[in-house]
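Let me begin by presenting the structure, written as structure tokens, before commenting on it.
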Amino acid sequence: MTVLAAHPFPPPPSPPQYTPPNMLTHHFQAPPPLPETWQAMWQEHQPSWQRPPGRPHHERPTPTAVRKARAALVQLLNRERARNGCRPVRAQRAATRTAQRHSDYMARAGSLSHTGAHSSSPGDRLTDEGYRWQRVAENIARSKPDAATALRLWKDSPKHRDAMLTCAFRHVGVGVSKGNNGQGWWTLLLASPR
């Protein structure tokens, strides 16, 4: 089973600058529902059994495996960006910590969502790590725990692809956690600093 979600988030409003009302409204809107075909696929592959009460099983891959998965995804992403005329993105510590914590959170919760602990958005989480951002986007997926599969799924989705190929992004953070059945919970966080 493969599940995708993408939603670019606009920058937070700056106090001295005028922010049109529609940008504020957009910032707080929920992402659009999944297309009907994805909803049908999702329901078709739902297990008939119920998970016992408590948290779903979650394990974080070994540090070496995580580093290799991150490096592989960034390399594949930069290759795709180069093919489309964009400069490469660089791994950035705050973005990486933010992405990894969100992947861990999704795997523990057993839920694929851009909303994190305490109803946080990707921008909120990145700001909490001390990164002053101008633009941020987040791609998430639950799939096989290999970088090529995650990137292929995002490339095949127009919203995910647009986020990855936005040339304005300069930094990237990648998170991956292993959940039930060995599935990978992926977070790709793209950002440009102020």
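If you read the sequence shown in our numbering, its first letter stands for residue 2, the second for the next number, and so on.
Backbone N, C-alpha and C fix where the C-beta goes; we use that ideal spot for every residue, glycine too.
Quantities reported herein were computed from a predicted structural model and do not represent experimental measurements.
Contact check for Leu74 against Trp187 passes: the beta carbons are separated by less than 9 Å. Sequence-distant Cβ neighbours of Thr99 in its own chain, meaning closer than 7 Å and more than five residues away, are Arg126, Leu127, Glu130, Gly174, Leu190. Pairing Ser158 with Ala151 gives a Cβ-Cβ distance that is not under 9 Å. Between Ala169 and Ser193 the beta-carbon gap is near 5 Å, inside 8 Å, which marks them as a contact. Secondary structure remark: continuous beta strand (DSSP E) runs of at least 3 residues inside the stretch 119-159, in chain order: 134-144. Here Ser114 is exposed, its C-beta having fewer than 16 other C-beta atoms within 10 Å. Following the DSSP letters along the chain, one finds Thr97 inside the alpha helix (DSSP H) bounded by residues 94-110.
The three-state reading of DSSP puts His115 in coil, since its state is none of H, G, I, E or B. Within the same chain, Ala95 come within 6 Å of Tyr132 by CB-CB distance, once the 5 residues on both sides are set aside. Taking the C-beta atoms as reference points, Arg68 is found no nearer than 9 Å to Arg171.
Judged by DSSP in its simplified three-state form, Leu166 adopts coil rather than helix or strand.
Classified as exposed, Ser120 has fewer than 16 neighbouring CB atoms from the shown chains inside 10 Å of its CB. Taken atom to atom, the span from the alpha-carbon of Thr116 to that of Ser104 is near 11 Å. By alpha-carbon distance to Asn181, the top candidate from Thr63, Met107, Ala70 is Met107. Between Asn140 and Thr63, the alpha-carbon positions lie close to 23 Å from each other.
Classified as buried, Gly124 has 16 or more neighbouring CB atoms from the shown chains inside 10 Å of its CB. Rounded to whole angstroms, the gap between the alpha carbons of Ala70 and Arg91 is 15 Å. In this structure, DSSP gives Arg171 a state outside helix and strand, which the three-state scheme calls coil.
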